[in-house]
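Quick note, in our numbering, the sequence shown goes up one by one and the last residue is 218.
Don't be surprised by glycine CBs; every beta carbon is placed ideally from N, CA and C.
Keep in mind the model is a prediction, meaning the values are calculated, not measured.
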Amino acid sequence: MNKYLEILQMFVSQDDLRPAITVPNKGEFFTSATDAHSIVYFKNELLPIDITFEDKGVKYPNVLQFVNQDDNINVLLSIEKINSVLSKCPLIEDFDEEEKEVTCDECNGSGEVIFTYEDSEYQDHELDGECPICNGDGKRVQNIQKPNGKMVKNDDYFLNIDESKFSIFLIERLLKVAEILNGEIVIVNRTQSNKPITFKVGEVKVMIMPIISDYDDSEYCLGNIA
Ligand SMILES: [Zn+2]
-7 MNKYLEILQM
3 FVSQDDLRPA
13 ITVPNKGEFF
23 TSATDAHSIV
33 YFKNELLPID
43 ITFEDKGVKY
53 PNVLQFVNQD
63 DNINVLLSIE
73 KINSVLSKCP
83 LIEDFDEEEK
93 EVTCDECNGS
103 GEVIFTYEDS
113 EYQDHELDGE
123 CPICNGDGKR
133 VQNIQKPNGK
143 MVKNDDYFLN
153 IDESKFSIFL
163 IERLLKVAEI
173 LNGEIVIVNR
183 TQSNKPITFK
193 VGEVKVMIMP
203 IISDYDDSEY
213 CLGNIA
């Protein structure tokens, strides 16, 4: 697979409720992909010329309007330092979501409930009928979280670039881009704190939104990477 296509696939949204951004988009000059937390983009020429992406039947948002496309800074990050800060992140158990059939607790599994009608004289009338919650099945499908034996980084933790907080997973994805392209990570656009930062790896730019929180979560800071 073309390594730029591989990178696009890493950035598309997994959210089926936002179908427009579950696929990359080829614009006039740039191809981009986003999951609403970060945006990756690069010149169309880096992809095979005949490439097309699935048409989801919904308009792709103009994501590049959110990116400061001009470089205003040039700060080389140390991949070693980023890895060392990330390695301090505590691990937690990972869960898989599983569907499990459970007894409907509205009807206790009978599939029937009693409907009550109050007439104009305030008299109640009762009637047995199909449980509207389980449609008479007596059972419901519930999503349950089941430990899958894996340990993953605790995403309550974050890392800093100056005053701004960044998701460990978004920074790990940036590291993956650097690994795929065998390139270095350079900050090329930064304005004030708590604003997006644009990184460049080779010919690829990645804009990452910071985490905005207005409570004191400094105990979850793993360290500064820039
Ligand atoms: Zn029921």
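Distance between beta carbons of residue j and residue i, contact taken as under 8 Å
| i | j | result |
| --- | --- | --- |
| D63 | N140 | No, D63 and N140 are not in contact; Cβ-Cβ is about 42 Å, not under 8 Å. |
| I217 | I74 | 5 Å |
| I71 | L167 | 7 Å |
| V32 | F3 | 4 Å |
| I65 | N181 | 7 Å |
| N262 | F45 | Residue 262 lies beyond the residue range present for the chain, which begins at -7 and ends at 218; the question has no answer from this structure. |
| C96 | C126 | 4 Å |
Residue i - partner residues in DSSP beta bridges
| i | result |
| --- | --- |
| L173 | Its beta-bridge partners do not exist; DSSP assigns none. |
| I203 | K157 |
| Y109 | H117 |
| Y33 | S24 and K197 |
| P132 | Reading off the sequence, residue 132 comes out as Arg, not Pro. For R132, which the question treats as bridged, DSSP gives the partners V94. |
| K(-5) | According to DSSP, which records beta bridges pairwise, K(-5) is partnered with nothing at all. |
| N17 | S24 |
| K192 | V178 and K197 |
| L68 | V178 |
| C213 | F150 |
| D88 | K138 |
Euclidean distance between Cα positions of residue i and residue j
| i | j | result |
| --- | --- | --- |
| G128 | D147 | 41 Å |
| V105 | C123 | 5 Å |
| K138 | T26 | 29 Å |
| T23 | V94 | 46 Å |
| E211 | A170 | 29 Å |
| D209 | D42 | 48 Å |
| K(-5) | L173 | 7 Å |
| G103 | S112 | 29 Å |
| D7 | E(-2) | 19 Å |
| Y52 | G19 | 10 Å |
| E176 | Q184 | 23 Å |
| R165 | K145 | 13 Å |
| V15 | H117 | 55 Å |
| Q1 | M(-7) | 11 Å |
| V67 | I153 | 11 Å |
Buried versus exposed call for residue i [16 or more other C-beta atoms within 10 Å across all chains shown]
| i | result |
| --- | --- |
| P202 | buried |
| N135 | exposed |
| T190 | buried |
| L9 | exposed |
| Y149 | buried |
| M199 | buried |
| I220 | Only positions -7 to 218 of the chain appear in this structure, which leaves residue 220 out of reach. |
| V55 | buried |
message: Any residue with its Cβ nearer than 5 Å to a heavy atom of ligand 1 should be included. What is that list in chain order?
response: Close to ligand 1, as judged by a C-beta nearer than 5 Å to any of its heavy atoms, are the residues C96, E98, C99, C123, I125 and C126, in chain order.
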